[in-house]
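Numbering (our numbering), first residue to last: 41 to 232. Glycine included, every Cβ here is placed at the ideal spot set by N, Cα and C.
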Amino acid sequence: MVNKYVETLLEKADGLSDEEKQTLAESLPVKTYGKGHHLLRQGEPYRECFYIFKGCIRQYFLDDSGNEKTVAFFTEGDTAALLDADYLKNPAPYFWECTEESTVLVGDLTNESDILDRYPSLQKLIRQMLEENLGKSQASLTTFISSTPEQRYLNLIHTRADLLERVPQYQIASFLGITAESLSRIRKRLSS
Numbered sequence: 041m042v043n044k045y046v047e048t049l050l051e052k053a054d055g056l057s058d059e060e061k062q063t064l065a066e067s068l069p070v071k072t073y074g075k076g077h078h079l080l081r082q083g084e085p086y087r088e089c090f091y092i093f094k095g096c097i098r099q100y101f102l103d104d105s106g107n108e109k110t111v112a113f114f115t116e117g118d119t120a121a122l123l124d125a126d127y128l129k130n131p132a133p134y135f136w137e138c139t140e141e142s143t144v145l146v147g148d149l150t151n152e153s154d155i156l157d158r159y160p161s162l163q164k165l166i167r168q169m170l171e172e173n174l175g176k177s178q179a180s181l182t183t184f185i186s187s188t189p190e191q192r193y194l195n196l197i198h199t200r201a202d203l204l205e206r207v208p209q210y211q212i213a214s215f216l217g218i219t220a221e222s223l224s225r226i227r228k229r230l231s232s
């Protein structure tokens, strides 16, 4: 059976024949994970990447004191992938946790070369997805470095307001680089 999620994604891949799209759509696994499920754990081998069809995945790490530091949220249309050239050799630096039920395409990185050799037209689609991820990461880092916590919160409201309804406030605070108490004060100040 052809998965409609995968079929829609493959429509973006120029150069694939209908037969190739059909074969890929039948062979690429789409899975649904529950809230709280970890797709990746810090320190474990990194073998899969994920394209999010539905849901939200939080990327975070534990600092030396054991505190969670939220780095990113991946939602519909995003790709959760590490951009490290030696990703198969190094342990994962992050956790990826579903903050809500999430439906994702699971990419097996151990056979990525075989798939790209067989379907070279996929390279362009994958490159576009990775470039989009890199662009978002760079913009997020620039905003983080050049803004006050209040400005970061206001930017989040304007660019990703959906996260405020989908993610616990302590995770939003961590993402903004502040404590939950500081976020509460900012919200109170802005509402008055």
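Please state if the CB of residue j and the CB of residue i are separated by a distance shorter than 8 Å.
i           : j           : result
residue 73  : residue 138 : yes
residue 113 : residue 203 : yes
residue 133 : residue 101 : yes
residue 87  : residue 150 : yes
residue 189 : residue 226 : yes
residue 223 : residue 209 : yes
residue 146 : residue 71  : yes
residue 192 : residue 183 : yes
residue 56  : residue 50  : yes
residue 53  : residue 153 : no
residue 166 : residue 136 : no
residue 68  : residue 46  : yes
residue 206 : residue 116 : no
With DSSP collapsed to three states, give me the class of residue i.
i           : result
residue 110 : strand
residue 71  : strand
residue 189 : helix
residue 41  : Model confidence at residue 41 stands at a pLDDT of 45, short of 50, so the residue's coordinates are unreliable; what they give is reported in the following sentence. DSSP places residue 41 in coil when its eight states are reduced to three.
residue 58  : helix
residue 79  : strand
residue 123 : coil
residue 217 : coil
residue 105 : coil
residue 84  : coil
residue 48  : helix
residue 205 : helix
residue 91  : strand
residue 139 : coil
residue 232 : coil
Specify, as a first and last residue, the run of the beta strand (DSSP E) that residue i falls within.
i           : result
residue 99  : 96-102
residue 157 : From DSSP, residue 157 is part of no beta strand (DSSP E) but of the alpha helix (DSSP H) over 152-158.
residue 145 : 142-148
Any heavy atom of the ligand ATP closer than 7 Å to the Cβ of residue i?
i           : result
residue 169 : Ligands displayed in this structure: none; no statement on the ligand ATP is therefore possible.
**Report entry** Cβ pair count under 8 Å reaching 3, the segment 101-120 against the segment 148-164
**Finding:** Taking 8 Å as the limit for Cβ pairs, the verdict is that the segment 148-164 does not touch the segment 101-120.
Query raised in the report: Do the segment 98-117 and the segment 61-72 meet, that is, are 3 or more Cβ pairs less than 8 Å apart?
Result: No, because fewer than three Cβ pairs between the segment 98-117 and the segment 61-72 fall closer than 8 Å, the two stretches do not touch.
Requested in this report: Indicate whether the contact test is met: 3 or more Cβ pairs, each with one atom in the segment 85-99 and one in the segment 190-198, closer than 8 Å.
Outcome: Because the criterion of three Cβ pairs below 8 Å is not met, the segment 85-99 and the segment 190-198 do not touch.
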